[in-house]
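Encoded as structure tokens, the structure appears first; notes follow it.
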Amino acid sequence: MTIRTHFSAAHRLAPNLSVDKYGRCTQTHGHNYHLEVTVEGEIDSRTGMIVDVAALNRVVEDYVVRIFDHSCVNEDIPYFADIVPTTENISRYIHGLLESPIDELGVKLANIKLFESHQLWADYPGKDRSGYLSISTHFSSAHRLAHPDLSLAKNTEIYGKCARVNGHGHNYQLEVTIKGEIDSSTGMVIDLGALNQIITDYVIEPFDHTFLNKDVAFFNQVVPTAENIALYISNTLRSPIQELGATLYKVKLVESPNNACEIYAADSESISVNTAVSQPVLAIV
Ligand SMILES: [Zn+2]
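Using numbering that gives the first Met the number 0, you'd call the opening residue of the sequence shown number 0 and step up by one each time.
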């Protein structure tokens with residue numbers, strides 16, 4: 000069960016981070032944080048609930064919102080006098096604040112998800128220093144769902160209007176989730192600037208404002224469905240992210256309000272992706 004709340008707080012990425020590397024984030028600035036608290040437990044056969052939701056809301060209000068809302072995290076919360084208040088570190092700290100009082104409600108705290116913005120959020124499930132960081136970005140591309148070896152009639156039968164010969168476009172929203180150790184000095188699971196650069200270089204720059212079937216060699220023969228695009232992105236990003244000392248956990252590609260695809264990178268490793276144009280990923284039956 001997950002409850003959602005929010006607080007507004009100021010912070011600056013200090014004292015350990017350099018202006019050179021983190022730019023304006025070293026200056027005090029604010030965010031409207033959104034917090035999701037997930038608990039797990041047995042469903043009570045009498046109430047049909049795993050926890051008294053009002054009591055859970057009160058705990059989160061008393062132990063987190065009351066402390067963080069309209070504060071400057073660096074100045075007002077002693078823990079962050081020497082600890083950089085990154086989204087990862089704040090999530091971990093909130094987990095520490097909530098674990099015991101939530102235990103007392105008879106359920107287990109399963110995850111803290113903290114959104115700094117719609118573009119950046121952290122998940123902390125409570126395992127030592129291991130956490131998740133997600134970023135959201137977007138690109139606009141045209142595509143056509145049609146396998147080149149099949150007739151228009153067959154492609155239309157499989158893909159419907161998406162097989163129309165001149166293609167159509169989407170504003171794709173891409174979410175990339177990284178798993179790693181929260182670095183005790185930087186407070187981050189990955190160098191965020193470097194991660195953004197990798198996503199720009201490997202995905203946004205080659206994909207944005209293109210016709211995927213024609214402009215991205217991989218999709219000359221591989222049908223650019225949301226699944227295949229997400230799989231390609233997952234397999235393309237895995238190594239460069241590993242070189243930054245973290246692990247790609249998940250790629251989520253939202254193609255339209257009606258459909259989205261999630262690829263868990265560990266699973267996608269076993270799916271053969273060959274960039275040779277003669278090896279389509281999608282099996283046509
Ligand atoms: Zn489409």
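Backbone N, C-alpha and C define an ideal beta-carbon position, used for all residues, glycine too.
Buried or exposed (CB count within 10 angstroms, at least 16 for buried), residue i
i	result
Arg-143	buried
Asp-266	exposed
Gly-22	exposed
Leu-230	buried
Ile-262	buried
Asp-182	buried
Gly-184	The sequence given here has Ser at residue 184, not Gly. Exposed, by the Cβ-count rule.
Pro-309	This structure cannot speak to residue 309, because the chain is shown only from 0 to 284.
His-5	exposed
Lys-211	A quick correction: the sequence has Leu, not Lys, at residue 211. By the neighbour-count rule (16 or more Cβ atoms within 10 Å), Leu-211 is buried.
Leu-16	buried
Ala-245	buried
Val-50	buried
Tyr-78	exposed
Gly-159	exposed
Val-284	Because the pLDDT of Val-284 is 34, which lies under 50, any placement of that residue in the model is unreliable, and the number read from its coordinates should be weighed accordingly. Exposed: under 16 other Cβ atoms inside 10 Å.
Ala-162	buried
Thr-235	buried
Gly-186	buried
Asn-258	exposed
Asn-287	Given that the chain is displayed from residue 0 to residue 284, the structure contains no residue 287 and the question cannot be resolved.
Given residue i as reference, the closest of the options once Cα atoms are compared
i	options	result
Lys-112	Met-0, Leu-247, Ile-42, Ile-232	Met-0
Cys-24	Leu-34, Leu-12, Asn-31, His-33	Leu-12
Tyr-171	Ser-7, Thr-224, Lys-249	Thr-224
His-30	Ile-76, Ser-44, Gly-47, His-117	His-117
Glu-115	Glu-156, Ser-133, Phe-206	Ser-133
Ser-129	Ile-177, Ile-49, Glu-156	Ile-177
Thr-136	Val-175, Glu-156, Ile-232	Val-175
Gly-179	Glu-268, Pro-124, Cys-260	Pro-124
Val-106	Cys-161, Ile-76, Glu-41, Asp-127	Glu-41
Ile-82	Asp-127, Pro-14, Gly-47	Pro-14
His-167	Cys-260, His-208, Ser-44, Gly-192	His-208
Ser-99	Val-38, Ala-80, Val-64	Val-38
Glu-35	Arg-91, Lys-20, Ala-80	Arg-91
Asp-19	Cys-260, Lys-126, Gly-192	Gly-192
Glu-268	Arg-45, Arg-237, Arg-65	Arg-237
Tyr-131	Asn-219, Pro-205, Val-188	Val-188
Asp-148	Gln-241, Glu-74, Asn-219	Asn-219
CB of residue i within 8 Å of CB of residue j, strictly
i	j	result
Ala-264	Leu-252	no
Leu-243	Asp-190	yes
Ala-109	Thr-86	no
His-33	Cys-71	no
Ala-8	Asp-68	yes
Leu-104	Tyr-62	no
Ile-2	Asn-56	yes
Val-58	Ile-89	no
Pro-239	Ile-203	no
Leu-194	Phe-138	no
His-146	Ser-255	no
Val-250	Ser-233	yes
Problem - Residue ranges of each beta strand (DSSP E) within the segment 35-122, 3 or longer - result: 107-116
Practice task
Please list, following the chain, all residues that have a C-beta closer than 7 Å to any non-hydrogen atom of ligand 1.
Solution key: Shown in chain order are the residues whose CB sits closer than 7 Å to a heavy atom of ligand 1: His-142, Leu-144, Cys-161, His-167, His-169, Glu-254.
Practice task
May I have a chain-ordered list of the alpha helix (DSSP H) segments no shorter than 4 residues that lie completely inside the segment 113-195?
Solution key: DSSP runs (the alpha helix (DSSP H)) wholly in the segment 113-195: 151-158.
Exercise for the section: Run through the segment 195-264 for me and flag every whole beta strand (DSSP E) of 3 or more residues, listed as ranges in chain order. Expected result: 246-255, 258-263
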